[in-house]
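Asker:
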Amino acid sequence: MKNIIIIGGGTGGTMCANALLKRINPKTRKDWQITVIDKSEYHAFQPDYLHVAFNGMKPDKLFKKERSLLFAKIKFLHDTVTKVDLKSQTVATEISGILPYDYIVIAPGSMPNYDMIPGLRESNLDFHTSPQDAEKIYETLKTSIGGRFVVGVAGVPYKCPPSPNESAFLLHDFLKKRKMLDNSSIIFVTPYPKFYTAPAISEITEKVAKAKNIEIVTSFNLDHVDVQGKKLVSMEGNEIKFDYLFMVPPHKAPDFIKGEEFTDKDGWIKVDKTSLKIEGYENAFAIGDVTNAPTAKSGMTAHLEAEVVTSTIADQINNMSDKEYMFTGRTHCPFEVGDQKAVFVIGTYDRPAISVNPSFENYMLKKIMGKIYWSTLKGSFTDIFKIYFGEDYMKVVKKQ
Amino acid sequence: MVKINVDSKGLSCPGPLTEFVKAYRTASNGDEIELTATDPAAAPDMKSWCEATGNVFEGVKEENNTYIILIKVTAKKF
Ligand SMILES: Cc1cc2nc3c(=O)[nH]c(=O)nc-3n(C[C@H](O)[C@H](O)[C@H](O)COP(=O)(O)OP(=O)(O)OC[C@H]3O[C@@H](n4cnc5c(N)ncnc54)[C@H](O)[C@@H]3O)c2cc1C
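Going down the list, the protein sequences come from chains A and B. Quick note: the first sequence uses this note's numbering, first residue 20, plus one each step. Quick note: the second sequence uses this note's numbering, first residue 41, plus one each step.
#1: Which one or two residues does DSSP pair with Met-345 of chain A in a beta bridge?
#2: Give the DSSP-derived three-state secondary structure of Lys-101 of chain B in the structure shown.
#3: Under a three-way DSSP split, which group does His-351 of chain A fall into?
#4: With distance defined between alpha-carbon atoms, name the residue in A:Gln-151, A:Ile-373, A:Lys-84 nearest to Ser-221 of chain A.
#5: Check whether the Cβ atoms of Val-244 of chain A and Ile-156 of chain A lie closer than 9 Å to each other.
#6: Exposed or buried, Gln-247 of chain A, counting other C-beta atoms within 10 Å across all chains shown (16 or more means buried)?
#7: Can you tell me the Cβ-Cβ gap for Ser-204 of chain A and Phe-168 of chain A, rounded? I've got them flagged as a contact below 8 Å.
#8: For Phe-346 of chain A, which of A:Asp-402, A:Asp-411, A:Pro-353, A:Ser-394 has the nearest alpha-carbon?
#9: Less than 9 Å between the C-beta atoms of Lys-289 of chain A and Asn-311 of chain A, yes or no?
#10: Is it the case that the Cβ atoms of Tyr-177 of chain A and Pro-269 of chain A are separated by a distance below 9 Å?
#11: Tell me whether Pro-119 of chain A is buried or exposed, calling it buried when 16 or more other Cβ atoms sit within 10 Å of its Cβ.
#12: State the beta-bridge partners of Trp-89 of chain B as determined by DSSP.
#13: Three or more C-beta pairs under 8 Å: does that hold for the region 199-217 of chain A against the region 327-341 of chain A?
#14: Please say whether Pro-56 of chain B and Val-46 of chain B have beta carbons closer to each other than 9 Å?
#15: Tyr-368 of chain A by DSSP, collapsed to three states: which one?
#16: For a test of the three-state rule: what should DSSP assign to Arg-167 of chain A, helix, strand or coil?
#17: On the DSSP letters alone, give me the boundaries of the beta strand (DSSP E) that Gln-359 of chain A sits inside.
#18: Would you mind stating whether Ile-56 of chain A and Asp-121 of chain A have Cβ atoms separated by less than 9 Å?
#19: What is the residue span of the beta strand (DSSP E) that Val-71 of chain A lies within?
#20: Along the region 48-70 of chain B, what residues have a CB closer than 8 Å to any CB found in chain A?
#21: Is it true that the CB of Gly-398 of chain A sits closer than 9 Å to the CB of Ala-38 of chain A?
#22: Of all the options A:Asp-402, A:Gly-389, A:Ala-361, A:Lys-292, which has the alpha carbon lying nearest to the alpha carbon of Leu-349 of chain A?
#23: What runs of the alpha helix (DSSP H), each 4 residues or longer, lie entirely inside the region 194-266 of chain A?
#24: So, with DSSP's three-state summary, where would you put Glu-74 of chain B?
#25: Determine, using beta carbons only, whether Ala-272 of chain A comes closer than 9 Å to chain B.
#26: Hey, Pro-183 of chain A and Gly-174 of chain A are a contact pair by Cβ (cut 8 Å); roughly how many whole angstroms apart?
#27: Would you say Gly-94 of chain B lies against chain A (beta-carbon separation less than 9 Å)?
#28: Identify every run of the alpha helix (DSSP H) within the region 293-346 of chain A, keeping only runs that are complete inside it and at least 4 residues long; order them along the chain.
#29: Measure the alpha-carbon distance for Ser-52 of chain B versus Met-254 of chain A and round it to whole angstroms.
#30: Taking 8 Å as the cut-off, is the CB of Pro-66 of chain A close to at least one heavy atom of ligand 1?
#31: Write down the C-beta distance between Ala-361 of chain A and Lys-385 of chain A rounded to the nearest angstrom, noting that I regard them as a contact closer than 8 Å.
#32: Figure out for me which residue from A:Gln-108, A:Ser-186, A:Leu-396, A:Phe-404 has the closest Cα to the Cα of Ala-63 of chain A.
#33: Does Asp-79 of chain A get closer than 9 Å to chain B when you measure Cβ to Cβ?
#34: Using DSSP with H/G/I as helix, E/B as strand and the rest coil, what is Asp-50 of chain A?
#35: Enumerated in chain order, which unbroken segments of the alpha helix (DSSP H) with a length of 4 residues or greater are wholly contained in the region 74-149 of chain A?
#36: How is Ala-38 of chain A classed by DSSP in three states: helix, strand or coil?
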């Protein structure tokens, strides 16, 4: 029996496992065991953490057991990976010990890096770390009588690029509904020189923010948070006072790959940005938030990358290696601007994000993507996605 | 004074800025950061960033669609 190990049963890992099982030729399938390893028994739908924080959505709605999201022939190990050795083709875990593999896909996501900014952990409530943390924001908002709400980007990089901006708009919706706008102010803070990093999207969304009296502070390089004084202090000595702080913390790669030869200076896995092969290895891949591919850390990216990687691995296993599958860096990030309107951030490695007007249709599209998420993991809408994205996410070229 | 080279060639927005912001975090006053970028938005973005933060935009050179942007770190208090 040969082994394919997938580390992480999140968006990328789950998609990968299910798609691989479908793509491996039924005659050879019996020779291959696909194993997904995740430290958590539950899979969370992360985009709705925003709605837990600002709309009071209940966190228990966002979880399903990972086992139920994988086809029966896929083995699920509820275990924590402690080391990956690409040279000896083994994975070490806390419970199962050393596991050999023939192919590996590493998809353990990213995690908040609170240690980077002194005082942030003590002062901040965030909607990125877990739904329980997001719920604390809603509990705080429910009892608030208003004040200075500071949101935004505490440090880089972070996952889901539009999410800090979305938090400003969803907070605005909340304060409006509760008639708290008169005694509140929303201050959006970012180290970037624009409201949103992609110019075409920034131009449109900044106008919406200004119309809603959301104050925008750009080029603010947060050094530390003065916990007692309740203020952000920048590296240049500027200060922003807050009553409530709901910022997105900077993110880092999971600790178990720290210092490995296949990671870059910041800890992300070095991949070829089109094949998603880990540099120097033909049978090792990484997808999702954990890579150094210069594209958005987002679920949709992990999804599209899973398509590319599973096409490559399945072809090799099926002895059909005459094609190369190349990821284009395509993004498709929904960006809510409040009042049930949204834009999408759509770009590739070579094409900056295009301008999209806020609309109810885009908002509904985001909602639909949320509704079909669970069945998408098992590949239910693969053909629709292929038609929708066309060649814009994956180039298929004949090998010379 | 240290010269810090940040190579963001091939990265499109926000790649160059993200790489720059990471380097700035560890830089000290007097250091120069040389950001190499292929994204044409990088130079105007860095110019506005310098104006807002009080650091010095020393200039930009273009060679074969690659921009070499020089920033002098002068405004850091921490
Ligand atoms: C508030 C918020 C809003 C978002 N909105 C959107 C959106 O609208 N659209 C979008 O596309 N994306 C969105 N995202 C981002 C998206 O959720 C992530 O980018 C995506 O889940 C990344 O997929 P992944 O497979 O790389 O990692 P994840 O889905 O995070 O999965 C990683 C898995 O690896 C496991 N793991 C980690 N370490 C180990 C270990 N040592 N051993 C075993 N298992 C391990 C974890 O338990 C986890 O299950 C949002 C995220 C947040 C927080």
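A virtual CB, placed ideally from N, CA and C, is assigned to each residue, including glycine. Source: prediction; values computed, not measured.
Answerer: Based on what the coordinates show:
#1: The partner list for Met-345 of chain A (beta bridge, DSSP) reads A:Lys-414.
#2: strand
#3: The answer is coil: DSSP assigns His-351 of chain A none of H, G, I, E or B.
#4: A:Ile-373
#5: Result no, Cβ atoms of Val-244 of chain A and Ile-156 of chain A do not sit closer than 9 Å.
#6: exposed
#7: About 7 Å; that satisfies the 8 Å criterion.
#8: A:Asp-411
#9: In this structure, Lys-289 of chain A lies near Asn-311 of chain A, with their beta-carbon atoms less than 9 Å apart.
#10: yes
#11: exposed
#12: Bridge partners of Trp-89 of chain B: none, in fact.
#13: no
#14: yes
#15: coil
#16: strand
#17: Note, Gln-359 of chain A: premise wrong, no beta strand (DSSP E); not H, not E.
#18: no
#19: Run containing Val-71 of chain A: none in the beta strand (DSSP E); it sits in the alpha helix (DSSP H), 68-74.
#20: Gly-50, Leu-51, Ser-52, Cys-53, Pro-54, Gly-55, Leu-57, Thr-58, Val-61, Lys-62, Tyr-64, Arg-65
#21: yes
#22: Reading the sequence as shown, one finds Arg at residue 349 of chain A and not Leu. Checking every option, the nearest Cα to that of Arg-349 of chain A belongs to A:Lys-292.
#23: Segments of the alpha helix (DSSP H) lying fully in the region 194-266 of chain A: 218-230.
#24: strand
#25: Ala-272 of chain A does not count as touching chain B.
#26: Not really, about 11 Å apart at Cβ, beyond 8 Å.
#27: yes
#28: The region 293-346 of chain A contains these whole alpha helix (DSSP H) runs: 318-336.
#29: 26 Å
#30: yes
#31: Correct: roughly 5 Å between the Cβ atoms.
#32: Closest by alpha carbon: A:Leu-396.
#33: no
#34: coil
#35: 85-88, 139-142
#36: helix
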